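Input: a single structure, listed below in structure tokens.
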Amino acid sequence: MSAVFKAAEAQFEPMTDARLDEVVHLERRVYQHPWTHRNFTDSLRSGYQAQVLVADGQLLGYFVAMKGVDEVHLLNITVAPDYQGQGWGRLMLDALALWSRAQQAQWLWLEVRASNARAQRIYQQHGYRRVGERKSYYPAGGRREDAVVMSLKL
Numbered sequence: 000m001s002a003v004f005k006a007a008e009a010q011f012e013p014m015t016d017a018r019l020d021e022v023v024h025l026e027r028r029v030y031q032h033p034w035t036h037r038n039f040t041d042s043l044r045s046g047y048q049a050q051v052l053v054a055d056g057q058l059l060g061y062f063v064a065m066k067g068v069d070e071v072h073l074l075n076i077t078v079a080p081d082y083q084g085q086g087w088g089r090l091m092l093d094a095l096a097l098w099s100r101a102q103q104a105q106w107l108w109l110e111v112r113a114s115n116a117r118a119q120r121i122y123q124q125h126g127y128r129r130v131g132e133r134k135s136y137y138p139a140g141g142r143r144e145d146a147v148v149m150s151l152k153l
């Protein structure tokens, strides 16, 4: 059974090499086509904004985002299955938007699988709008799946 934490008990920490095995393990639990250890390592080496959300030593989730000239691109956001539906994804989106504004970004961008209606709803509730589609963007078991492109004006 998963614990239920209050937002005041959770904290963001920079994603570091020391946490990568735990992050990759969670990534593999959540996704059929997970990021690899190298994807995360490359993101850290590139200086991307990479944060983990923890409470009482438990990894609740994480996100990785890339800063551009006047925009930020959300590359990966994940909530541990035991903690989904408790608002942690929304909290991470809020933290990302605050950081992005501090970076003088005007827009936040992301791609989401066309089949992931739940995530699309969460993003829409957060103010993101569907602005396009990328054909055959994601791997999908021997074939490819389209991505929905979404953006948020900051």
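Heads up, the sequence shown is in numbering that gives the first Met the number 0, so the first residue is 0 and it goes up one at a time. From the three backbone atoms N, C-alpha and C, an ideal C-beta is built for every residue, glycine too. All of these numbers come straight from a predicted model, not from anything done at the bench.
Only counting the same chain, and skipping five residues up and downstream in sequence, which positions put a Cβ closer than 7 Å to that of L25?
L58, T77 and A79
With distances taken Cα to Cα, identify the nearest neighbour of A118 among M149, A64, D16 and G140.
M149
Proximal residues to M0 (C-beta, below 7 Å), its chain only, five neighbours per side dropped:
Because M0 sits at a pLDDT of 48, beneath the cut-off of 50, its placement in the model cannot be relied upon, and the following sentence gives the value as read from the coordinates. Hits under 7 Å: none found.
F11: which of R142, L73 and G56 sits nearest, CA to CA?
Answer by Cα proximity: G56.
Report yes or no: do three or more beta-carbon pairs, one from the region 80-97 and one from the region 36-46, lie closer than 8 Å?
no
Per DSSP, Q57 forms a beta bridge with which residues?
A54
Under 7 Å between the Cβ atoms of R120 and V147?
no
Using a Cβ-Cβ cut-off of 8 Å (strictly less than) and excluding sequence neighbours within five positions of E132, which residues of its own chain qualify?
Excluding positions up to five away in sequence, the list reads A113, D145, A146, V147 and V148.
What does DSSP give as the partner residue(s) for Y137 in the beta ladder?
E144, per the DSSP bridge assignment.
Are the beta-carbon atoms of G46 and L52 separated by less than 7 Å?
Between G46 and L52, the C-beta gap is not smaller than 7 Å, which leaves the two residues out of contact.
Which whole-angstrom value describes the C-beta separation of L109 and L153, a residue pair presumed to lie in contact below a C-beta threshold of 8 Å?
About 13 Å; that fails the 8 Å criterion.
Cβ neighbours of K66 in the same chain (closer than 6 Å, five flanking residues each side left out):
Q102
According to DSSP, is W98 helix, strand or coil?
helix
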